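Position in the sequence shown (from 1) plus 70 gives the number in this note's numbering.
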Amino acid sequence: MNRPQPNEYPAWAETYISKVNGDIIEVLEEQVFSIPALFELNKDKENFAYAEGKWTLKEMLGHIIDCERIFVYRMTAFARNEAQHLPGFDEDEYVLNARFSERNYEDMIEEFSALRKANLYFFKSLNEAELARKGVASEREINVKSILFIAAGHIIHHVGVLKERYHVV
71 MNRPQPNEYP
81 AWAETYISKV
91 NGDIIEVLEE
101 QVFSIPALFE
111 LNKDKENFAY
121 AEGKWTLKEM
131 LGHIIDCERI
141 FVYRMTAFAR
151 NEAQHLPGFD
161 EDEYVLNARF
171 SERNYEDMIE
181 EFSALRKANL
191 YFFKSLNEAE
201 LARKGVASER
211 EINVKSILFI
221 AAGHIIHHVG
231 VLKERYHVV
């Protein structure tokens, strides 16, 4: 699958899309294992935040799970030719209202893995016509393929943050 072209997504998405190297499905499949392993290796830091007002490791994982769901909803809607504009979301408000601190960390790790495994069936089912379909989310036009790349690149971005600022192993 070819990388999406800049005219297929809003400018902000380049931050994530540019981080994806190689076959997109292979990258998404690899994350099924690497992301749970990363969080499992750092379970002693689940409540660590690198600065006041920043997310804990557990909140970061919760954010990743929330975004996976949102990205897949958008992809599904647009692949099915949804004409309605989809709303944006405030990631900080989602984390603030999610009660991730009350959740079991190991359950959250398993949840990400199960969610991504299930989503891979959908990702692999999309044909070229569906990948090219567009919709409006957060008041910006975007196609399904671009959201697929954003889903992978968003995680790559956060892994970088985790390594740089949280000093995860």
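Idealized CB from N, CA, C, for every residue including glycine. In this text the structure is predicted, and so the values were computed from the model without any measurement.
Item                                                                                                       : Value
Distance CB(E116)-CB(K128) smaller than 8 angstroms                                                        : yes
Residue from E209, I225, K204 and G132 whose Cα sits closest to the Cα of S216                             : K204
N- and C-terminal bounds of the beta strand (DSSP E) containing G205                                       : K204 to A207
Outcome for M71 when other beta-carbon atoms lying within 10 angstroms are tallied against a minimum of 16 : exposed
Contact under 8 angstroms by Cβ, K113 with Y175                                                            : yes
Y86 versus E161 - alpha carbon distance                                                                    : 16 angstroms
Coil, strand or helix - N213 by DSSP                                                                       : strand
Proximity of E138 and R186 at Cβ, strictly below 8 angstroms                                               : yes
According to DSSP, residues forming a beta bridge with L131                                                : None; L131 has no bridge partner.
Endpoints, the alpha helix (DSSP H) within which K187 is located                                           : Y175 to S195
Residue environment, Q75, which counts as buried when at least 16 other CB atoms sit within 10 Å           : exposed
Exposure label - A199; buried when at least 16 CB within 10 Å                                              : exposed
N-terminal and C-terminal residue of the alpha helix (DSSP H) that Q101 is part of                         : I94 to L111
Status (buried if at least 16 other CB within 10 Å, exposed otherwise) for V214                            : buried
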